[in-house]
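Chains as they are written, first to last, in the numbering used here: chain A, 1 to 306; chain B, 307 to 420; chain C, 421 to 947.
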């Protein structure tokens, strides 16, 4: 079963590379992300599949904005079709095939070690709590990584704001030219979907420690909710500066909670029931990620598009 | 070749397909997309480590014959790093597009050094 | 408590971002940096008596992430916090926006974390965040050129880091752990041939980060980009490139079963030559310094691969020395180009008269980088050569000769007559920062043995007769260098031709693949 999807995956990646029409990239990327998410699910990784699915929403939006700017700003040169193109591609194709062949020559034929897997599976319920081993590792054993990953989002948002063309705040945002809301089917569908998204995202956050999902996936979905709201009503009445500050404060809070519970191991003498730590962290990470993606979305949709 | 899984083979091939995209693409947007593909290929490889058909997700009270949870936790981190790098790259590109009115490697290189 | 080294600067950065008053930010930044430097030195003294290990969460080392401060990493941390202190001093009166200190402090936290971390995946995360920060800081002023350079830097490093990620995937698959020390123990019981592929993947990524020759196309763009803040260029060349070298040292120890040192020695020699030849061809002072970073990295790479304890110690000491004189040179170049309004070396004249202290610091740093006797570069080069064979010593001598020629050209700007000869008053903090680095270049040479003993607990002796021989060699090479510069370099058409040479992004990507294939083939035949 997985083989079929992997072949689809390969073909969709080839489509992205081979297609000459640049604008098709958006659709191909969407297909690629979807097929990868399905493959991740088939590989018994529902958390990762969900993460990839929600993340691809943002990738698509960001690419759409980029293409919009690209086609409106850049004078695209029409290159006449050359006949002898095949030869020019022969060298890179040959080089790539050579690299693949070299790679396969050296792949070690050794079974994968399950040393750490067995340890995690047998110990995470006592050490961290909850029933989701992935969340336990993500927020428990390797929370130090997660802190830097959260920092990555924070830094990249600061980077996007700093690098953006617009320095000053926008006073009034008039978004009448946005097209999507004018289509009745789209807006009606979105209206029906929104409550479901809300419910599902909160389910993901609150139940992150016992079922698939968690703060990251839920938080990103909450951001999707706001995106839907924006698409229907064309409003942005949120104070982005405050969201940015909130994001930073939540990051500090995450760091403090993580240091207190995991680094110092102080959770044990508070005698909290198992899983409370994971719930708190999921909630905080959810808020953090939601704020982060929201800011990123607004930057691209409202500032960069103009 | 008995221990090399099918996922690994596909991941390596897609990794180098995106590498091909990087060494041939004339457009910056396509290069950025190629980097994204590369990342997902590596992610696929991670998830394929020690995977056999019929494995269950490492979730729930009954944990028998489950997939390895550690690569999954690592991969979530990788995914968010990937999206942020992609977003930063694209926002740089948009600013560059505004200033230079170009998004092709050759033209951008020529114009930016003026 | 080692994790505080990486987390405290990050939290401080966020605090600095939230505070709206620029004066408060400055004072806070300086005080915080003093505190961080103090604690770094404290940890350095602590880890002299034994490694400090922090297991985050108290789990077994394989389950969680282990931080460990041994001699090497504590030296690097002390170096990091010292250089950041200098940079904070340098930028104290500068009007740099809110984001500047925010990014700077996060960068410091990440570098500290990288030097302490013992977990290969954790290193990946830290490198990636640092890459974004560096690219943003490089294009801090947002003009076309630096925007393009920053984008190329970010993209090529992201491509390379995918190779690294693939490599650690294989390490995890084969050993089942991500902790370096435990993985090494497991690896020692396995066939070395199993690890050829991860070795090639990881070394390709690290070689790109070190800017070894086929992969060095991004470095002059990144380090020499015109409008990057001076302090950022100084830290990039002085410090950030060293974290790649640090990773190289770590992974060389990690993959001790695979010995490819001859290959990397050859690559190091080529890197050294290419670096100074390209530097000779430039006329932009920042670009000259950037290409010299390539050349010096070649020497360091060469030293680290010589199978001799003396040479390796010399190599590590050269890393520290290079950090000192290269950041001094960059900071001075920043002041000079600001005062003169140009970066063209042929248009700047009479720096010593207009900016005496800056000129003095530049001279000390130049004497350091060219390996003049009594200065720090000479000590490290002396130790590197002492363990090397005849051929390698000649190569190092030739690279050093090239460096001397190039810096004779560089020092022409110090003398001569400027149009307006009046002294220029510059900010006192900047002068202090530059002078500290210059003086360290001098003391690092005079007390070289003591410094090495202090830093690495290794007793070395400088053989007086051998050292005197080096003094004569240096004097001879200065004369030879001057002659070559006067009669050949000044009006060489060949150099003018190659000055514009650079690789496009596609070319750099292709060279990554090429290097990867080369490492694999070399392992097949030589390891």
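Just so you know, even glycine gets a beta-carbon here, dropped at the ideal spot from N, CA and C.
**Prompt:** Are any of the Cβ atoms in chain C nearer than 8 angstroms to that of residue 351 of chain B?
**Reply:** In terms of beta-carbon proximity, residue 351 of chain B lines the interface with chain C, with at least one pair separated by less than 8 angstroms.
**Prompt:** Would the segment 319-337 of chain B and the segment 923-932 of chain C be scored as touching if the rule is three or more Cβ pairs under 8 angstroms?
**Reply:** Because the criterion of three Cβ pairs below 8 angstroms is met, the segment 319-337 of chain B and the segment 923-932 of chain C touch.
**Prompt:** Between which two residues does the alpha helix (DSSP H) containing residue 667 of chain C stretch?
**Reply:** 661-674 is the extent of the alpha helix (DSSP H) around residue 667 of chain C.
**Request:** Quick one: grab the DSSP three-state call for residue 132 of chain A.
**Result:** If DSSP states are grouped into helix, strand and coil, residue 132 of chain A belongs with the strands.
**Asked** Listing by chain order, which chain B residues have their CB less than 7 angstroms from the CB of residue 578 of chain C?
**Response** Under the 7 angstroms cutoff, chain B gives 341 and 391.
**Request:** Please determine, among B/401, B/377 and B/414, the residue with the shortest C-alpha to C-alpha distance to residue 66 of chain A.
**Result:** It is B/401 whose Cα lies nearest to the Cα of residue 66 of chain A.
**Item:** Residue span of the beta strand (DSSP E) that contains residue 487 of chain C, given as start and end
**Value:** First-last of the beta strand (DSSP E) with residue 487 of chain C: 486-489.
**Item:** Bounding residues of the alpha helix (DSSP H) (the contiguous stretch that carries residue 312 of chain B)
**Value:** Per DSSP, the continuous alpha helix (DSSP H) segment holding residue 312 of chain B begins and ends at 312-330.
**Prompt:** In the structure shown, what three-state DSSP assignment does residue 371 of chain B receive?
**Reply:** Coil.
**Prompt:** In three-state terms, what does DSSP make of residue 595 of chain C?
**Reply:** In the three-state scheme derived from DSSP, where H, G and I count as helix and E and B as strand, residue 595 of chain C is classed as helix.
**Request:** Would you kindly check if the distance between the Cβ of residue 296 of chain A and the Cβ of residue 215 of chain A is under 8 angstroms?
**Result:** Not in contact: residue 215 of chain A and residue 296 of chain A (Cβ atoms no closer than 8 angstroms).
**Prompt:** When we look at the beta-carbon of residue 762 of chain C and count the other beta-carbons within 10 Å, is it buried (16 or more) or exposed?
**Reply:** Classification of residue 762 of chain C: exposed, given that the 10 Å Cβ count is below 16.
**Message:** Using only CA atoms, which one of A/29, A/35, A/23 and A/17 lies nearest to residue 3 of chain A?
**Reply:** Across the set A/29, A/35, A/23 and A/17, the C-alpha of A/35 shows the shortest separation from the C-alpha of residue 3 of chain A.
**Request:** Kindly indicate if chain B contains any beta-carbon less than 8 angstroms away from that of residue 487 of chain C.
**Result:** Answer no: the Cβ-Cβ gap between residue 487 of chain C and chain B never drops below 8 angstroms.
**Request:** Anything in chain A within Cβ reach of residue 594 of chain C, meaning under 9 angstroms, just list it in chain order.
**Result:** Neighbours of residue 594 of chain C on chain A, chain order: 108, 110, 112 and 113.
**Item:** Inter-stretch contact at 8 angstroms, needing at least 3 Cβ pairs: the segment 485-498 of chain C / the segment 626-641 of chain C
**Value:** No contact exists between the segment 485-498 of chain C and the segment 626-641 of chain C.
**Message:** Tell me which residues of the segment 122-143 of chain A have at least one Cβ-Cβ distance to chain E shorter than 7 angstroms, keeping chain order.
**Reply:** The structure shown has no chain E; the protein chains it does contain are A, B and C.
**Message:** Once DSSP output is grouped into helix, strand and coil, what is the label at residue 395 of chain B?
**Reply:** In the three-state DSSP reduction, residue 395 of chain B falls in the helix class (H, G or I).
**Asked** residue 243 of chain A CB to nearest chain B CB: under 8 angstroms?
**Response** No - not a single Cβ of chain B is within 8 angstroms of the one on residue 243 of chain A.
**Prompt:** In or out: residue 750 of chain C buried (at least 16 other Cβ within 10 Å) or exposed?
**Reply:** So residue 750 of chain C counts as buried.
**Request:** Step through the CB atoms of chain A and report whether any lies within less than 8 angstroms of the CB of residue 397 of chain B.
**Result:** Yes, contact with chain A.
**Prompt:** Rounded to a whole number of angstroms, what is the C-alpha to C-alpha distance between residue 146 of chain A and residue 562 of chain C?
**Reply:** Taking the Cα positions, residue 146 of chain A is about 31 angstroms away from residue 562 of chain C.
**Request:** Go ahead and label residue 425 of chain C buried or exposed: buried means 16 or more other beta carbons lie within 10 angstroms of its beta carbon, across all protein chains shown.
**Result:** Buried, by the Cβ-count rule.
**Asked** Exposed or buried, residue 874 of chain C, counting other C-beta atoms within 10 Å across all chains shown (16 or more means buried)?
**Response** Residue burial is scored here from C-beta neighbours: residue 874 of chain C has fewer than 16 other C-beta atoms within 10 angstroms and is therefore classed as exposed.
**Prompt:** Cβ of residue 304 of chain A less than 8 angstroms from any chain C Cβ?
**Reply:** Closer than 8 angstroms: no.
**Message:** Using a Cβ-Cβ distance cut-off of 8 angstroms, determine whether residue 337 of chain B contacts chain A.
**Reply:** No - not a single Cβ of chain A is within 8 angstroms of the one on residue 337 of chain B.
**Item:** Local Cβ density within 10 Å of residue 425 of chain B, reported as buried at 16 or more and exposed below that
**Value:** Outside the shown range of chain B, which is 307 to 420, sits residue 425 of chain B, and nothing can be said about it.
**Prompt:** Taking the alpha carbon of residue 433 of chain C as the point to measure from, which residue in C/526, C/500 and C/421 has its own alpha carbon closest?
**Reply:** The candidate whose alpha carbon is nearest that of residue 433 of chain C is C/526.
**Message:** residue 252 of chain A and residue 378 of chain B - do their beta-carbons sit closer together than 8 angstroms?
**Reply:** With contacts defined as CB atoms closer than 8 angstroms, residue 378 of chain B and residue 252 of chain A fail to qualify as a contacting pair.
**Item:** Collapsed DSSP secondary structure at residue 438 of chain C in the structure displayed
**Value:** Under the three-state reduction of DSSP output, residue 438 of chain C falls in the helix class.
**Message:** Run through chain C and tell me which residues come within less than 7 angstroms of residue 156 of chain A, C-beta to C-beta.
**Reply:** Within 7 angstroms Cβ-Cβ: 552.
**Request:** Give every residue of the same chain whose Cβ lies closer than 8 angstroms to the Cβ of residue 285 of chain A, excluding the five residues on either side of it in the sequence, and list them in chain order.
**Result:** Cβ within range, chain order: 139, 146, 150, 214, 215, 216, 219 and 254.
**Prompt:** Any C-beta of chain C sitting closer than 8 angstroms to the C-beta of residue 149 of chain A?
**Reply:** With 8 angstroms as the cut-off, residue 149 of chain A counts as an interface residue toward chain C.
**Prompt:** What separation, rounded to the nearest whole angstrom, lies between the Cα atoms of residue 885 of chain C and residue 794 of chain C?
**Reply:** Between residue 885 of chain C and residue 794 of chain C, the C-alpha separation is close to 14 angstroms.
**Asked** Roughly how many whole angstroms lie between the Cα atoms of residue 171 of chain A and residue 299 of chain A?
**Response** Annotation note: pLDDT 48 at residue 171 of chain A (below 50); position unreliable, no value reported.
**Message:** Starting from residue 413 of chain B, trace the alpha helix (DSSP H) in both directions and tell me its first and last residue.
**Reply:** First-last of the alpha helix (DSSP H) with residue 413 of chain B: 411-418.
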